[in-house]
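Be aware that the sequence shown starts at 72, since it is given in our numbering, and climbs by one per residue.
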Amino acid sequence: MYLKMAKRVLRETDKRLLWKFLITMGIKGSLSVIRYRRRLRRGQFFPPFLYISVINSCNLRCQGCWVDVSARQERISREAMRKLIREARAMGNVFFGIVGGEPFMHPELLDIFADHPDCYFQVFTNGHFIDDPTAARLRELGNVTPLISVEGNEIVSDQRRGRKGVLSRTMQGLHNCLKHRLLTGVCTSVCQTNIDDLLTEQWIDRLIEMGVFYTWFHVYRPMGPQAAPELCLTREQQRRVRQFVVEMRARKPIAIIDAYHDGEGRALCPAATGISHHINPWGGIEPCPIIQFATESIYDEGTLGEKFLNSRFLAAFRRLAQSTTRGCIVLERPDLLRELIEREGARDATARQTALQELAAMQIRESRYQPGDEIPEKSWLYRLLKRFFYNDFGLYAPYDHSTTSAPAVLAGEAPRAAHPLPVLQPTPSEAS
Ligand code: SF4
């Protein structure tokens, strides 16, 4: 597999774009994780992987979408992004995940990328607005990787995304990116209606054939006003996703990302470890995109570094998530999350102002945390990279999840009663 991958990299990439990726995302990105680890040793958290929703608007209406896409448009301006990125750079960050809504509906998006040639941007997009000139401009800039979401065949795509003709427009955007030799990825939110079509070797082979360099299989989350919980994967299906990813990584010349497991196959949550957090279109600083509650904003006084390092809410969230489960606390213990949000006085950061009710209505369900059933990486390369740059950094070690995680609660082995919320010790900056 490694030789085939090396051949693809040498034959199919634009070498200027490849060089930019290796230096900025590869080397400088790794250094930002090393700085994150150093801060951890001082009990301080600043995420090297920041996800920024630059706009709420979108042309689609997906099932399970938590973004207020039909609310009045809100976007983070070019000026505000300059300040945000400058302050994150001061903390050593170079990588920024750009999400939405649909980011390419932001009129200043390409200018924002051009303002920061020393940074690398991964854009989560439906591909509908990536026409030929836009793809050509992205190639000129060289610091952007589009990650295009494909949610099923024609029929399923229209169903999942609430519009007609979705897949053909997405594939046109994908074609434009590949024609201009952008380092392009394809992602899927795996659910009941697309698992049999897209979690297949045939689909992986098709992506390679098209020239796609990486893929990402997210697991569907039943969020927002149209949660469609019936689309959620079962425990066995979540295990099938993990098994498939491990197999394909060891055999196929394409990179497969996942943010939910270390090299030994142990589950983890990137928000619980604080390696990534989210900023919403209104500037609210949130634990992750689907936990739409905040106590700080990028528009508040102070630097971004100070806001993250001193956020009592984020610290309380991380402690709760670390002490409750290695899986997704939103899926597994929405009850505890709601208690924490109310205790910390975190405000509902949505335009619809129904996020707390939605959380209250969520049932406890299993996520990928299946203690004793871990599936380790087969590929030594993924094991190595995760060993140094992506694991739990020992943050779950102090905790026993046998009475707090969903498998225990659902098996009736543990009371649903309130789990004592962690009492916070003042952070070093508070102590000083
Ligand atoms: S809380 Fe759940 S959705 Fe959020 S980062 Fe953790 S695992 Fe992912």
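Idealized CB from N, CA, C, for every residue including glycine.
Endpoints, the beta strand (DSSP E) within which residue 217 is located: 215-220
Residue interval of the beta strand (DSSP E) (run including residue 355): Here the beta strand (DSSP E) through residue 355 covers 355-357.
Cβ neighbour criterion (16 or more within 10 Å) applied to residue 471: exposed
Near the ligand GTP: residue 399 beta-carbon under 7 angstroms from a heavy atom: With respect to the ligand GTP, the structure offers nothing, as its ligand set consists of the ligand SF4.
Beta-ladder partner(s) of residue 166, from DSSP: 191
Distance cut-off 7 angstroms: residue 340 Cβ against heavy atoms of the ligand SF4: Result yes, Cβ under 7 angstroms from the ligand SF4.
Beta-carbon contacts of residue 318 that lie in its chain and below 8 angstroms, excluding the five residues immediately before and after: 449
Beta-carbon proximity check, residue 304 vs residue 266, cutoff 8 angstroms: A distance below 8 angstroms separates the beta carbons of residue 304 and residue 266.
Closer than 7 angstroms: residue 343 CB and nearest the ligand SF4 heavy atom: yes
Exposure label - residue 105; buried when at least 16 CB within 10 Å: exposed
Which of helix, strand or coil DSSP assigns to residue 365: strand
Selected residue, minimal CA-CA separation from residue 414, among 384, 445 and 425: 384
Closer than 7 angstroms: residue 359 CB and nearest the ligand SF4 heavy atom: yes
Anticipated Cβ contact below 8 angstroms, residue 206 with residue 253, distance rounded: 7 angstroms
Those residues which DSSP pairs with residue 261 across a bridge: 290
Secondary structure of residue 201, DSSP reduced to three states: Looking at residue 201 - three-state DSSP - the assignment turns out to be coil, as it is neither helix nor strand.
Those residues which DSSP pairs with residue 256 across a bridge: Note: residue 256 sits in a beta bridge opposite 218 and 285.
Range of the contiguous alpha helix (DSSP H) that encloses residue 266: 266-269
Three-state secondary structure (DSSP) of residue 131: coil
Test item: CB-CB of residue 217 and residue 194 under 8 angstroms: yes
Short Cβ contact (8 angstroms threshold) for residue 120 with residue 191: Annotated as distal: residue 120 and residue 191, with beta-carbon spacing of 8 angstroms or more.
Residue nearest to residue 360 in terms of C-alpha spacing, selected from 250, 211, 466 and 126: 126
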